[in-house]
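Remarks on the structure that follows.
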């Protein structure tokens, strides 16, 4: 049952004993429902995400985990006919309130996409883009932060001699790490990752996973993944979604060793999904 | 490693931001202004024609053959121009549709995509699309009138110099050559839109390539082919430069009877009224009315073709 | 196409590489050959256009025509002293045409030449320019001080005894109106393309895009009339220049005809920029306009460039607008507020007055050849850029 999974992988995260309700939450989702025109994609989600940990959203495809992720930086605004009920608070501010400037929000909440999307510019310019956007002009400052970010994304050694060559010449795994560097360059508090390694080979995936474990010292990370073993490996907390509902949310250890709901158990043991 | 002192500028904790974003306003404003300006100019053009042309429009106007002095309101009329424009566009369609559709069928259903011949044909289509209309006129004179026409005169007994002067047939053929790319591109697009599964199903039942094309693909593509025809017709109805030396006449007392006759034309008439009127004030209402007739005719031809296309679509849907 | 070497399977490499794999029935085989032949007609047509337009202009290119007012005359009595080639050159006939004519006709033609020369008025006879062959390249391209002028000028004036065929005023005229047109059209069209493809919601886009493309259904003769009747007085009042119909008015009207083309290609290029770039920029906190200006527009540069080049090709070849609205004075002037004459308008207006085979006729065809070459090259450049751009995008997606 769940023991077999425990045997196969080492579960990361907070020790048994910590619960979800400890510590002040950074992201608080309160009664959030989301509608695409008439069809409901998320149903009254209540969730609190703790700071400086890795939280994983898992569930079968179509369950709403990516949709919820995109609510945190309001990328869902780009889709026509989307309606939100309920609230999402970061810190103590409702990010959907009319006084919120979406640009400021996205400076604080960064995103890495499923398919890496570096700009058709040089490596240096890719990372510097966000910095320039938000006002940094001084060349030596830019160079310094670019280097810092590339190091932070474990990419510096591989690109330090080709900073001004096109980013499109990098391998898939390198491009994804570049996108991570680009995102952390503007020092967000939260990094959202939407299946960041699903398009990569196992070796590149492993490097990304190591990077995430390293990044969580400084950033709060929410990661959507369909790979349960990945969730078990790198996340501290896991939320399981099904058909737009949050079924269970707990420490990763508990979700994978003795989940409270049967549905969760069925999913993590591979009985469906 | 040294921790650099540079940091990202302090960020607001409450996401309120700087407030009014001037750059955004300016940029969006300017580009929006450009867009609406273009649309406004279009509206001005159409309204100007409508308002000024409406008064001159009458049943008498469109059904009378004018006297030689068509600058005067009493002796003017545009019937021969309407007839001339319509006939030449019609004859053009007879030529351009078959050739264009067949070429598009070849390109879409038969040609190996990367072979040199295919590339040449596509390059030729692109080039043809870019040739200036006056050069087509020169081509019409140099090739159709002076070469083919002279040849026909020599070959056909008793023709005299029947064929080697400007006439309806040469003007129509010149236009057919000019609108060929339009028909080819529109037809190819409609062929490409047909799902591959349809062809596979037909072939799997043992039909030959030609049978598949004739019985399955072509009928499905008919609406798209009609679109190509519509586009070609609208384009050709308004073109004047290609027919200047290949068939249009300043004045003819009667309607064109045969293919070797010259003809009058709405677009050319607009040009004549604009530039050769002895009294522009008197001619102005006639000019506007002619322009209005030209636009209405183009729209009417478009509309007719759209109707035919809608009928075809309905028939297809009833069958499938 | 068909593989005739392998007799047991006359196949066509068909759509999706479908091999026929069976003997084609003869009627089908024939039909398909016919389809192929008809398709080749497009290539044939382009070739024919080039051939027949250049053919009429060839004697000018080769310097074989002589348009001097005074030319050497050969008395008809000396008919037999001339070789066929010399006779052909004197009378302006090809070898074939010469062979078809009998002696009587040739004598008559020589008489006509003699009489024509005798009819040249005395004041022209003493003109130093009378013996100049004005179709020589020197006079077509370089300035010359003609009788009655006080300095060397570029003159295009094909009427009168001494015909002046300098092309420079026409080329400058064409360039003036084209440049005015593009300077007016390109910023507007590209700005509108950015607005429609990046900054406006899809619902608006559905209406605005067809609206702008509706502009292209206005025939150029109507646009020229609009320029004449509406633009000319309005612009004259607004800018206060002298001449009511000039390169400026014609240029603006031309720009209006170019806008739909430049807009639709540029908008296409902007919309084809992969959504992933846009999403990445937005997720970093860029606003819509920053994304459009800093990411999308640079990525779409080849397409926008192609739009401009194709717009140039279309505009320089436009005839009716210029014919109606530019004033048509074939003077060389760098001011856009002066009347101008374009290459296209010249061909259109003067062709009717030429004699088939005469030098004016051939010079007009030469202008047509030059125009054809210029638009051919610019369209080639534009198409290659678009082709490359599409290839890059498809490569990236795949």
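Protein chains in written order, with this note's numbering: chain A, 1225 to 1497; chain B, 11 to 330; chain C, 2 to 399. All C-beta atoms in this analysis are idealised placements derived from N, C-alpha and C, irrespective of residue type, glycine included. None of the values given here were measured: they were computed from a predicted structure.
Simplified DSSP assignment, three categories, for residue 1272(A): In the first chain, counting from the first residue as 1, residue 1272(A) sits at position 48. Of the three classes helix, strand and coil, the one that applies to residue 1272(A) here is strand, per DSSP.
Residues of the stretch 35-64 of chain B whose Cβ lies closer than 7 Å to any Cβ of chain C, in chain order: Here the close residues are 37, 38, 40, 41, 42, 44, 45, 47, 48, 49, 51, 52, 55 and 58.
Length of the line joining the Cα atoms of residue 147(C) and residue 153(C): Taking the third chain and counting its residues from 1, the one referred to as residue 147(C) is at position 146. Taking the third chain and counting its residues from 1, the one referred to as residue 153(C) is at position 152. Going from the Cα of residue 147(C) to the Cα of residue 153(C) covers about 7 Å.
Any alpha helix (DSSP H) of 4 or more consecutive residues that is wholly inside the stretch 1280-1309 of chain A: 1289-1296
Contact belief for residue 58(C) with residue 367(C) at Cβ below 8 Å, rounded distance in angstroms: Walking along the third chain from the start, residue 58(C) turns up at place 57. Walking along the third chain from the start, residue 367(C) turns up at place 366. That belief holds up - the Cβ atoms of residue 58(C) and residue 367(C) are roughly 4 Å apart, short of 8 Å.
Cβ of residue 280(C) within 8 Å of any chain A Cβ: Indexing the third chain from 1 puts residue 280(C) at position 279. It does; some Cβ of chain A falls within 8 Å.
Distance CB(residue 411(C))-CB(residue 249(C)) smaller than 8 Å: The structure shown does not extend to residue 411(C), since chain C is modelled only from 2 to 399, so the question has no answer here.
Classification of residue 1255(A) by the beta-carbon crowding that lies within 10 angstroms, buried from 16 upward: In the first chain, the residue the question calls residue 1255(A) occupies position 31. Burial call: exposed.
Where residue 46(C) meets chain B, residues with beta-carbon distance less than 8 Å: Position 45 of the third chain, counted from the start, is the residue given in the question as residue 46(C). By Cβ distance, chain B contributes 134, 138, 187 and 190.
Among 169(C), 103(C) and 329(C), the one whose alpha carbon lies nearest that of residue 155(C): Numbered from its first residue, the third chain carries residue 155(C) at position 154. Closest by alpha carbon: 169(C).
Short-range partners of chain B found in the stretch 204-221 of chain C, where Cβ spacing is below 8 Å: 209, 212, 213, 215, 216, 218, 219, 220 and 221
Nearest-angstrom Cα separation, counted from residue 279(B) out to residue 159(B): As a working mapping, residue 159(B) is identified with position 149 in the second chain. As a working mapping, residue 279(B) is identified with position 269 in the second chain. Straight-line Cα distance between these residues: approximately 26 Å.
Under 8 Å between C-beta atoms of residue 83(B) and residue 266(B): Stepping through the second chain from its first residue, residue 83(B) is reached at position 73. Stepping through the second chain from its first residue, residue 266(B) is reached at position 256. No.
Contact with chain C by residue 1297(A), beta-carbon distance below 8 Å: As a first step, residue 1297(A) must be located in the first chain, where it is residue number 73. Chain C, which has a Cβ nearer than 8 Å to the Cβ of residue 1297(A), makes this yes.
Neighbour-count burial assignment, residue 1342(A), 16 or more Cβ in a 10 Å radius: On the first chain, position 118 is the one that residue 1342(A) refers to. Buried, since its Cβ has 16 or more Cβ neighbours within 10 Å.
DSSP three-state assignment for residue 22(C), whether helix, strand or coil: On the third chain, position 21 is the one that residue 22(C) refers to. Residue confidence for residue 22(C) is low, a pLDDT of 48 falling below 50, so the modelled location carries little weight; the figure read from the coordinates is stated next. In the structure shown, residue 22(C) sits in coil (DSSP, three-state: anything other than H, G, I, E or B).
First and last residue of the uninterrupted beta strand (DSSP E) at residue 118(B): Mapped onto the second chain, residue 118(B) falls at position 108. Counting along the chain, residue 118(B) falls outside any beta strand (DSSP E), and DSSP gives it neither H nor E.
As assigned by DSSP and simplified to three states, the class of residue 293(C): In the third chain, residue 293(C) corresponds to position 292, counting from 1. DSSP places residue 293(C) in helix when its eight states are reduced to three.
Cα-Cα separation, residue 1356(A) to residue 1272(A): As a working mapping, residue 1356(A) is identified with position 132 in the first chain. As a working mapping, residue 1272(A) is identified with position 48 in the first chain. Spanning the two alpha carbons is a distance of roughly 33 Å.
Closer than 7 Å: residue 43(B) CB and nearest the ligand GTP heavy atom: Because no ligand of any kind appears in the structure shown, any question about the ligand GTP cannot be addressed here.
For residue 1490(A), the first and last residue of its enclosing alpha helix (DSSP H): As a working mapping, residue 1490(A) is identified with position 266 in the first chain. Residue 1490(A) -> alpha helix (DSSP H) spans 1486-1492.
Contact belief for residue 92(B) with residue 276(B) at Cβ below 8 Å, rounded distance in angstroms: Locating residue 92(B) in the second chain gives position 82, counting from the first residue. Locating residue 276(B) in the second chain gives position 266, counting from the first residue. Indeed they touch by this definition, with Cβ atoms about 6 Å apart.
Supposed contact pair residue 40(C) and residue 204(B) - C-beta distance, whole angstroms, cut 8 Å: In the second chain, the residue the question calls residue 204(B) occupies position 194. In the third chain, the residue the question calls residue 40(C) occupies position 39. Not a contact, Cβ separation roughly 19 Å.
Chain A contacts from the stretch 283-294 of chain C (Cβ-Cβ distance under 9 Å): 283, 284, 285, 286, 287, 288 and 291
Cβ of residue 301(B) within 8 Å of any chain C Cβ: Position 291 of the second chain, counted from the start, is the residue given in the question as residue 301(B). Judged by the 8 Å Cβ criterion, residue 301(B) is in contact with chain C.
Segment contact flag, the stretch 238-252 of chain B with the stretch 85-103 of chain B, C-beta cutoff 8 Å, min 3 pairs: yes
Where the alpha helix (DSSP H) containing residue 321(C) begins and where it ends: Taking the third chain and counting its residues from 1, the one referred to as residue 321(C) is at position 320. It spans 321-326 - the alpha helix (DSSP H) in which residue 321(C) sits, taken as one unbroken run.
Through-space distance from residue 162(B) to residue 387(C), alpha-carbon basis: As a first step, residue 387(C) is located in the third chain; it is residue number 386 there, counting from the start. As a first step, residue 162(B) is located in the second chain; it is residue number 152 there, counting from the start. So the two alpha carbons sit approximately 42 Å from each other.
Sequence-distant residues of the same chain with beta carbon closer than 7 Å to residue 226(C), five excluded per side: Locating residue 226(C) in the third chain gives position 225, where the first residue counts as 1. Counting only Cβ-Cβ distances below 7 Å, and skipping sequence neighbours, we find 325.
Short CB-CB distance (under 8 Å) between residue 390(C) and chain A: Within the third chain, the letter at position 389 stands for residue 390(C). So, not an interface residue.
Helix, strand or coil at residue 146(C) according to DSSP, with G and I counted as helix: Sequence index remark: in the third chain, residue 146(C) carries index 145 (1-based). Coil at residue 146(C), not helix or strand.
Own chain, CB closer than 6 Å to residue 414(C), minus 5 neighbours either side, in chain order: With chain C covering only 2 through 399, there is no way to say anything about residue 414(C).
Residue 79(C) - DSSP class collapsed to helix/strand/coil: Numbered from 1 along the third chain, position 78 holds the residue referred to as residue 79(C). Correct three-state label for residue 79(C): helix.
Residue 53(C) (DSSP reduced to helix, strand or coil): For the purposes of this step, residue 53(C) is taken as the residue at position 52 of the third chain. Helix, per DSSP.
Any chain C beta carbon closer than 8 Å to residue 1443(A): Taking the first residue of the first chain as position 1, residue 1443(A) is located at position 219. False, the Cβ-Cβ gap to chain C never drops below 8 Å.
Neighbourhood of residue 217(C) by C-beta, 6 Å cutoff - its chain only, sequence neighbours within 5 removed: Taking the first residue of the third chain as position 1, residue 217(C) is located at position 216. Excluding its 5 nearest sequence neighbours in each direction, residue 217(C) has C-beta neighbours in its own chain below 6 Å: 261, listed in chain order.
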